[in-house]
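Numbering (the working numbering), first residue to last: 4 to 168.
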């Protein structure tokens with residue numbers, strides 16, 4: 004079975020219209036929430052992005068409030084959507100990725116978290132794809148052998164091919 008690990012750069016497209024939004028919406032349509040995940044850091048990043056978009060006028064107050072309601076319902080409060088926790092062990096084990104791939108700290112943690120989850124899933128016969136539109140994270144994840152789906156660059160055909168295995 005296919006799992007999706009969302010980076011904030013991809014998941015935000017579900018709650019704010021951007022390039023790639025249709026593919027993220029399609030992913031939500033085709034996979035159940037219990038096969039989607041993001042980092043707890045990603046949850047904070049999404050809220051920060053929505054607040055920033057509201058503050059700079061890219062989202063009006065009504066769109067901001069609607070996005071927050073939907074994000075809370077689909078991710079934060081949804082019993083089946085899991086958020087991977089961040090602890091000191093994960094943080095420290097991600098250090099090498101910062102220098103190796105020129106990543107920021109959050110992206111290094113996301114990469115290491117995705118690698119850990121991929122290992123667990125592969126032991127069960129499942130597959131993981133990292134959904135991100137962050138070009139450095141795309142390059143780093145591919146360098147570590149993780150399947151990457153960039154909703155800004157991919158097509159509906161490649162999405163269906165990914166989800167159908």
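Yeah, the Cβ is synthetic: ideal placement off N, Cα and C, and Gly gets one too.
Within 10 angstroms of the Cβ of residue i, are there 16 or more other Cβ atoms? Answer buried if so, exposed if not.
{"i": "residue 167", "result": "exposed"}
{"i": "residue 32", "result": "exposed"}
{"i": "residue 54", "result": "exposed"}
{"i": "residue 17", "result": "buried"}
{"i": "residue 144", "result": "buried"}
{"i": "residue 123", "result": "exposed"}
{"i": "residue 65", "result": "exposed"}
{"i": "residue 30", "result": "buried"}
{"i": "residue 161", "result": "exposed"}
{"i": "residue 121", "result": "buried"}
{"i": "residue 95", "result": "exposed"}
{"i": "residue 51", "result": "exposed"}
{"i": "residue 140", "result": "buried"}
{"i": "residue 76", "result": "exposed"}
Give the DSSP bridge partners of residue i, in chain order.
{"i": "residue 5", "result": "130"}
{"i": "residue 39", "result": "7"}
{"i": "residue 87", "result": "42"}
{"i": "residue 150", "result": "132"}
If you check the beta carbons only, do residue i and residue j fall under 7 Å apart?
{"i": "residue 153", "j": "residue 136", "result": "yes"}
{"i": "residue 40", "j": "residue 85", "result": "yes"}
{"i": "residue 83", "j": "residue 36", "result": "yes"}
{"i": "residue 47", "j": "residue 109", "result": "no"}
{"i": "residue 130", "j": "residue 5", "result": "yes"}
{"i": "residue 134", "j": "residue 13", "result": "yes"}
{"i": "residue 156", "j": "residue 22", "result": "no"}
{"i": "residue 15", "j": "residue 49", "result": "yes"}
* Asked: Using 8 Å as the threshold, is the segment 111 to 118 in touch with the segment 85 to 93, meaning 3 or more CB pairs across them?
  -> Flag = yes, the segment 111 to 118 and the segment 85 to 93 touch.
Review point. Counting pairs of beta carbons, one from the segment 92 to 105 and one from the segment 58 to 65, are three or more of them closer than 8 Å?
Key: Too few Cβ pairs lie closer than 8 Å, so no.
message: Suppose only complete runs of 3+ residues qualify. What are the beta strand (DSSP E) ranges in the segment 40 to 121, listed by chain order?
response: List check, beta strand (DSSP E) in window: 85 to 87.
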